[in-house]
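Data block below; observations after.
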Amino acid sequence: MSLFMGCHGIPLGCAHTKNMKKVTLEIPDRDERGVSPVIGVILMVAITVILAAVIASFVLGFGGSVNETVQAGADVSENGDGTATVTWISEGTASELEVSVEGVDGNVTLDQVGDSATIQYNSDTDSDNKIDDDDNTITATDDGDGNDPGEVTLQVTVTGIGSEDTRTVIAQEEVTLENQNN
1 MSLFMGCHGI PLGCAHTKNM KKVTLEIPDR DERGVSPVIG VILMVAITVI LAAVIASFVL
61 GFGGSVNETV QAGADVSENG DGTATVTWIS EGTASELEVS VEGVDGNVTL DQVGDSATIQ
121 YNSDTDSDNK IDDDDNTITA TDDGDGNDPG EVTLQVTVTG IGSEDTRTVI AQEEVTLENQ
181 NN
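When the letters of the sequence shown are read in order and numbered with full-length UniProt numbering, they come out as residues 1 to 182.
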């Protein structure tokens, strides 16, 4: 090795040796640090507390208080005689179904699979909208404006009722009903 050569074979005073920095294990100055260690510790503690709270809420049962939707099957169909029928076809998780019609106060309750409700329209202005629980019939009547339309279109809603009185709309359809007063 020559006197003018460094230990790595690079000539002393060459451009390569001028740009090389000395590697040390010293602690850098404050302005050369990326993030303060105190802030890092605070962030880690905060993340740990949040994770612990989320896990504890599920373990203690707070996360399970969300109600499940009621599952059931119902068929809403128009009949050839101008009425409509709602039939409970699949139980799922429902204990009963409620059938309601737009503009009619109240509803009919179906207690078991296979039960059905009949929906009809009657333009007789002397009678009110009515629910007949004995034969599961909902009768919508004229709105009292004196017009006698031959048919009306009404919205039928079927709501499933499950455990703890959980309610979910199972079906919602518009049906066209013919006047049964003729």
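Glycine included, every Cβ here is placed at the ideal spot set by N, Cα and C.
Within its chain, find whatever has a CB closer than 7 angstroms to the CB of residue 114; leave out the 5 residues flanking it on each side and keep chain order.
-> Reading the sequence shown from its first residue, position 114 is the one you call residue 114. Result list for residue 114: 88, in chain order.
Residues in its own chain within less than 7 angstroms of residue 157 by CB, not counting five upstream and five downstream?
-> Here the question's residue 157 lines up with position 157 in the sequence shown. Around residue 157: 100, 169, 172.
Could you say which of 47, 160, 120, 103 lies nearest to residue 79 if we only look at CA atoms?
-> On the sequence shown, residue 79 is found 79 positions in, with the first residue counted as 1. Nearest option by C-alpha distance: 120.
Mind checking whether residue 73 and residue 90 have CB atoms under 7 angstroms apart?
-> Locating residue 73 in the sequence shown gives position 73, counting from the first residue. Locating residue 90 in the sequence shown gives position 90, counting from the first residue. Yes; because the gap between Cβ atoms is below 7 angstroms, this pair is in contact.
Return helix, strand or coil for residue 72, following the three-state DSSP convention.
-> For the purposes of this step, residue 72 is taken as residue 72 along the sequence shown, with counting starting at 1. Three-state result, residue 72: coil.
Mind checking residue 153: buried by the 16 CB within 10 Å criterion, or exposed?
-> Sequence index remark: in the sequence shown, residue 153 carries index 153 (1-based). Exposed.
Name the residue from 59, 84, 22 whose alpha carbon lies nearest to the alpha carbon of residue 137.
-> To locate residue 137, count along the sequence shown from 1; it is residue 137. When only C-alpha atoms are compared, the closest one is 84.
Check whether the Cβ atoms of residue 98 and residue 159 lie closer than 7 angstroms to each other.
-> Indexing the sequence shown from 1 puts residue 98 at position 98. Indexing the sequence shown from 1 puts residue 159 at position 159. Yes, the Cβ-Cβ distance between residue 98 and residue 159 is below 7 angstroms.
When the Cα of residue 151 is compared with those of 26, 175, 111, which residue comes out closest?
-> What you label residue 151 is simply residue 151 of the sequence shown in a count that begins at 1. Nearest option by C-alpha distance: 175.
As assigned by DSSP and simplified to three states, the class of residue 150 = Along the sequence shown, one-based indexing puts residue 150 at 150. Three-state result, residue 150: coil.
Between residue 68 and residue 41, what straight-line distance do the alpha-carbon atoms span, to the nearest angstrom?
-> Counting from one through the sequence shown, the residue named residue 68 turns up at place 68. Counting from one through the sequence shown, the residue named residue 41 turns up at place 41. Residue 68 and residue 41: Cα-Cα distance of roughly 40 angstroms.
Among 104, 134, 106, the one whose alpha carbon lies nearest that of residue 116 | For this step, residue 116 is matched to residue 116 along the sequence shown. Checked all of 104, 134, 106; the closest Cα to residue 116 is 134.
Ordered along the chain, which non-local residues of its own chain (more than five positions away) have a Cβ less than 6 angstroms from that of residue 70?
-> Sequence index remark: in the sequence shown, residue 70 carries index 70 (1-based). For residue 70, where only same-chain residues beyond five positions count, the Cβ hits under 6 angstroms are 93, 94, 160, 162, 166, 168.
Alpha-carbon to alpha-carbon, residue 76 and residue 103 = For the purposes of this step, residue 103 is taken as the residue at position 103 of the sequence shown. For the purposes of this step, residue 76 is taken as the residue at position 76 of the sequence shown. Distance between the alpha carbons of residue 103 and residue 76 is about 18 angstroms.
Does at least one heavy atom of the ligand HEM sit under 6 angstroms from the Cβ of residue 49?
-> Looking at this structure, you won't find the ligand HEM or any other ligand, since it has none at all.
Cα separation between residue 177 and residue 52?
-> Along the sequence shown, read from residue 1 onward, the residue named residue 177 stands at position 177. Along the sequence shown, read from residue 1 onward, the residue named residue 52 stands at position 52. Using only the alpha carbons, I get a separation of about 58 angstroms.
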